[in-house]
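A.B. asks: One structure is given below, represented as structure tokens, and several questions about it will come after.
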Amino acid sequence: MKGYVYILECSDGSYYTGSTIDLEIRLLQHQQGLGANHTKKRLPVKLVYFEMFDRIDHAFYREKQIQGWSRAKKEALINGCNDLLPGLSKSSKSKKGN
């Protein structure tokens with residue numbers, strides 16, 4: 033069963049990352065306030081990024097990965113700046129040379 037991971041931009045500028053088997057229905061649920069607590073308090077939301085996977089468990093794994101990312105790294109992904117992603121993965125300690 034195919035799956036999707038998606039990033040929504042909320043009305044307050046925050047990002048929400050989720051996964052689903054039906055992107056269109058899930059987006060409608062979010063817009064109607066039937067989605068996650070985070071999004072229903074920050075309507076309207078806008079789809080800013082998604083990826084499709086052959087299996088929902090792969091989409092769920094990717095969701096958890098992206099959820100752990102910084103805002104800067106999420107924005108690089110959203111903007112298609114994949115070349116910046118590895119550098120944004122480094123901890124602040126390694127950037128300082130510690």
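Residue numbering for the sequence shown follows my numbering, beginning at 33 and increasing consecutively.
Using N, Cα and C, we set each Cβ at its ideal position, and we do this for glycine too.
Considering only C-alpha positions, which residue in the set Asn111, Gln97 and Tyr48 is nearest to Lys72?
C.D. replies: Position 40 of the sequence shown, counted from the start, is the residue given in the question as residue 72. Lys72 has its Cα closest to that of Tyr48, out of Asn111, Gln97 and Tyr48.
A.B. asks: Under 7 Å from any heavy atom of the ligand HEM, does the C-beta of Val77 make it?
C.D. replies: Looking at this structure, you won't find the ligand HEM or any other ligand, since it has none at all.
A.B. asks: Roughly how many angstroms separate the alpha carbons of Gln63 and Glu41, rounded to a whole number?
C.D. replies: As a first step, residue 63 must be located in the sequence shown, where it is residue number 31. As a first step, residue 41 must be located in the sequence shown, where it is residue number 9. Rounded to the nearest whole angstrom, the C-alpha separation of Gln63 and Glu41 is 12 Å.
A.B. asks: DSSP on Lys34, reduced to helix/strand/coil?
C.D. replies: Stepping through the sequence shown from its first residue, residue 34 is reached at position 2. Of the three classes helix, strand and coil, the one that applies to Lys34 here is coil, per DSSP.
A.B. asks: Classify Val80 as helix, strand or coil using the three-state DSSP reduction.
C.D. replies: As a position in the sequence shown, residue 80 is number 48, starting the count at 1. It is a strand residue.
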